[in-house]
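Protein chains: 2
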Amino acid sequence: MCQLFPYAEHVTRWLEPEQQRAWRAYVRMQGELNAHLSRQMSVDSDISMADFAVLVQLTDTPDERVRVLELARSLHWEKSRISHHVARMEKRGLVRRENCRSDGRGSFVVLTDLGRSAIEAAAPAHAETVRALVFDQLSDAEVETLREISEKVFTRLTTGECASVIARCDADDPMEVVPQESGCPEA
Amino acid sequence: MCQLFPYAEHVTRWLEPEQQRAWRAYVRMQGELNAHLSRQMSVDSDISMADFAVLVQLTDTPDERVRVLELARSLHWEKSRISHHVARMEKRGLVRRENCRSDGRGSFVVLTDLGRSAIEAAAPAHAETVRALVFDQLSDAEVETLREISEKVFTRLTTGECASVIARCDADDPMEVVPQESGCPEA
DNA sequence: CGGGAATAGTTGACACATCATCCACGTTCG
DNA sequence: CGAACGTGGATGATGTGTCAACTATTCCCG
């Protein structure tokens, strides 16, 4: 068995059985959940999760216009991804590009009316789906632990050697369930 | 604010603030973790996570050959995805296709020597990365809770209305950190 | 002022996922 | 037997993500 990886003991502490089980459960769940949320979103709102993320960033901003690099940083996307994606969204009329006067290199992504109504239509259903699939299954303690686990792993991912990947400036608010106004009273 | 979604109260209970925070932490973490694992895998093994998943299924099987539909079921992939992906892997020499004699429609995906050495090279580094990024950050209790949360959500996703998506037969073992032989003694 | 270096963004090539469609074979039942 | 229908799988079109190269502007330093 193990002789399949002759150098294993020098490189790897492997995973404990408990960890193996947890990891496989997590991987499976996470894959299915992503798939389900994406499908749900495109079925009942005709936009993708990626579109949604971009639109959230735009509605989060007072004048509904964000620099491309700003988008890249807050979404943790590569700039070329932003560029391609915005191009596609522009073709569908969800956003529009504008040149930046103060910096000749820059350009803004601006929310259109179509874009605004798209996200306003999508957000409630999405939040509802998340609630039904995830939070209705979990106790308060579990929710808290989920947050702690996520924060710990995320911190590990964005500090030290790992951080090299993208020029991580600060980057807050990568994604919301409900666009910012969700300071909804009865929430 | 909330009048942005006039029908919201009829449709949605929204998320509690605690849940919002947990959800955003989870989404962020999960996105970064996926990205990091994929990048890591392709950098130090020259195969993708998808390749890895397919190869694991093959090495899991005594004679290292699996029917396409079998693959689709155990990975929870669509059959066309398998087909395309196997085509690419075949072009790179990681697997090869063989016709099924007992059923003229069917075909087998067979592990090649190159494929075997690819996964043998990839697995330890991958397991090590997962351990370093995830499990080294977590207490035993957190690992247990992570598994419980994952199982609860996964169960919700694969039962009832949600299950309609793919013809969910049974489908076990969608993905492993270490190909099956990982019944490693000291693990 | 001039000439690199850094920065903002785009582009093209390619890997990947999904969807709809198609084809070949098998099964069933008249 | 043979027509109808189901199944295993392949294919092409399209949307999406990544990498590497490129352009254009701005910054910096002499």
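Protein chains in written order, with our numbering: chain A, 1 to 187; chain B, 1001 to 1187.
The C-beta atom is built at its ideal place from N, Cα and C for all residues, glycine as well.
For clarity, every value in this text was computed on a predicted model and none was experimentally measured.
Original post:
From serine 1038 of chain B to tryptophan 23 of chain A, what distance separates their C-alpha atoms?
Top reply: The sequence position of residue 1038 of chain B within the second sequence is 38, counting from 1. The sequence position of residue 23 of chain A within the first sequence is 23, counting from 1. Those two C-alpha atoms are separated by around 16 Å.
**OP:** Mark aspartate 1051 of chain B as exposed unless 16 or more other C-beta atoms lie within 10 angstroms of its C-beta, in which case mark it buried.
**Re:** The residue labelled residue 1051 of chain B in the question sits at position 51 within the second sequence. Buried, because 16 or more other Cβ atoms sit within 10 Å of the Cβ of aspartate 1051 of chain B.
Original post:
Given threonine 1129 of chain B, which residues of its chain have a CB within under 7 Å of its CB, disregarding the five upstream and five downstream residues?
Top reply: Within the second sequence, the letter at position 129 stands for residue 1129 of chain B. Leu1037, Gln1040, listed in sequence order.
**OP:** Note down, one range per segment and in chain order, each alpha helix (DSSP H) of at least 4 residues found wholly within the stretch 114 to 158 of chain A.
**Re:** 140 to 158
Original post:
Expressed to the nearest angstrom, what Euclidean distance is found between the alpha-carbon atoms of aspartate 113 of chain A and glutamate 120 of chain A?
Top reply: Residue 113 of chain A sits at position 113 when you count from the first residue of the first sequence. Residue 120 of chain A sits at position 120 when you count from the first residue of the first sequence. Using only the alpha carbons, I get a separation of about 11 Å.
Original post:
Between glutamate 1193 of chain B and chain A, is there a C-beta pair that is closer than 8 Å?
Top reply: No information on residue 1193 of chain B is available, as it lies outside the stretch 1001 to 1187 that chain B covers here.
Original post:
What separation, rounded to the nearest whole angstrom, lies between the Cα atoms of glutamate 18 of chain A and alanine 1127 of chain B?
Top reply: In the first sequence, the residue the question calls residue 18 of chain A occupies position 18. In the second sequence, the residue the question calls residue 1127 of chain B occupies position 127. When rounded, the distance between both Cα atoms is 14 Å.
**OP:** Starting from valine 1056 of chain B, find everything on chain A with Cβ-Cβ shorter than 9 Å and list it in chain order.
**Re:** Counted from its first residue, the second sequence places residue 1056 of chain B at position 56. Per Cβ cutoff of 9 Å: no residues; valine 1056 of chain B is ~11 Å from chain A at best.
Original post:
Is the shortest distance between the beta-carbon of valine 1068 of chain B and the beta-carbons of chain A less than 8 Å?
Top reply: Here residue 1068 of chain B corresponds to residue number 68 of the second sequence, with the count starting at 1. Output row for valine 1068 of chain B: interface = no.
Subject >> Reduced DSSP secondary structure (H/G/I, E/B, other) of leucine 1111 of chain B >> reply: Taking the second sequence and counting its residues from 1, the one referred to as residue 1111 of chain B is at position 111. Here leucine 1111 of chain B sits in strand by DSSP.
Subject >> Cut-off 6 Å between Cβ atoms - residues of its own chain near arginine 1028 of chain B, not counting five sequence neighbours on either side >> reply: Here residue 1028 of chain B corresponds to residue number 28 of the second sequence, with the count starting at 1. Correct list: empty, nothing qualifies.
Original post:
the stretch 19 to 33 of chain A: which residues have C-beta closer than 8 Å to a C-beta of chain B, in chain order?
Top reply: Under the 8 Å Cβ criterion, the stretch 19 to 33 of chain A contributes Gln19, Gln20, Arg21, Ala22, Trp23, Arg24, Ala25, Tyr26, Val27, Arg28, Met29, Gln30, Gly31, Glu32, Leu33.
Subject >> Range covered by the beta strand (DSSP E) that runs through arginine 1067 of chain B >> reply: Along the second sequence, read from residue 1 onward, the residue named residue 1067 of chain B stands at position 67. Where arginine 1067 of chain B is concerned, the enclosing beta strand (DSSP E) stretches over 1065 to 1067.
Original post:
If you measure from the beta carbon of arginine 1156 of chain B to each beta carbon in chain A, is any gap under 8 Å?
Top reply: Along the second sequence, one-based indexing puts residue 1156 of chain B at 156. With 8 Å as the cut-off, arginine 1156 of chain B counts as an interface residue toward chain A.
Original post:
Just how far apart, CA to CA, sit serine 42 of chain A and asparagine 34 of chain A?
Top reply: Reading the first sequence from its first residue, position 42 is the one you call residue 42 of chain A. Reading the first sequence from its first residue, position 34 is the one you call residue 34 of chain A. Cα to Cα, serine 42 of chain A sits roughly 12 Å from asparagine 34 of chain A.
Subject >> Below-8 Å beta-carbon distance, glutamate 1142 of chain B vs any chain A residue >> reply: Your numbering for residue 1142 of chain B matches position 142 in the second sequence. Yes, glutamate 1142 of chain B counts as interfacial toward chain A.
Original post:
Skipping 5 residues on each side, what residues in its chain have a beta carbon closer than 6 Å to that of glutamate 98 of chain A?
Top reply: Counting from one through the first sequence, the residue named residue 98 of chain A turns up at place 98. Contacts found: Phe108, Val110.
Original post:
What residue from A:Ser48, A:Ser74, A:Met49 has the CA that sits closest to aspartate 60 of chain A's CA?
Top reply: Working through the first sequence from its first residue, we reach residue 60 of chain A at position 60. Considering only alpha carbons, the answer is A:Ser74.
**OP:** Measure the beta-carbon distance from glycine 1106 of chain B to arginine 1067 of chain B and round it to whole angstroms, keeping in mind my assumption that it falls under 8 Å.
**Re:** Your numbering for residue 1106 of chain B matches position 106 in the second sequence. Your numbering for residue 1067 of chain B matches position 67 in the second sequence. Confirmed, about 6 Å.
**OP:** Kindly list the residues whose CB is nearer than 8 Å to the CB of isoleucine 1047 of chain B, restricted to its own chain and excluding five residues on each side of it in sequence; keep chain order.
**Re:** Mapped onto the second sequence, residue 1047 of chain B falls at position 47. Within the same chain, isoleucine 1047 of chain B has close Cβ partners Met1041, Leu1055, Leu1094, Ala1118, Ile1119, Ala1122.
**OP:** In angstroms with no decimal places, state the Cα-to-Cα distance between isoleucine 166 of chain A and arginine 1092 of chain B.
**Re:** Taking the first sequence and counting its residues from 1, the one referred to as residue 166 of chain A is at position 166. Taking the second sequence and counting its residues from 1, the one referred to as residue 1092 of chain B is at position 92. The predicted position of isoleucine 166 of chain A is uncertain, since its pLDDT is 43 and thus under 50; a value taken from the coordinates is nonetheless stated next. Each residue's Cα considered, the two are about 29 Å apart.
Original post:
For the stretch 119 to 141 of chain A, which residues have a CB atom closer than 9 Å to at least one CB atom of chain B, in sequence order?
Top reply: Glu120, Ala121, Ala123, Pro124, Ala125, Ala127, Glu128, Val130, Arg131, Ala132, Leu133, Val134, Phe135, Asp136, Gln137, Leu138, Asp140, Ala141
**OP:** For glutamate 1064 of chain B, I'd like the list of residues in its chain whose CB is within less than 8 Å of its CB, leaving aside the five on either flank, ordered along the chain.
**Re:** Position 64 of the second sequence, counted from the start, is the residue given in the question as residue 1064 of chain B. Answer for glutamate 1064 of chain B: Leu1058, Val1110, Leu1111, Arg1116, listed in chain order.
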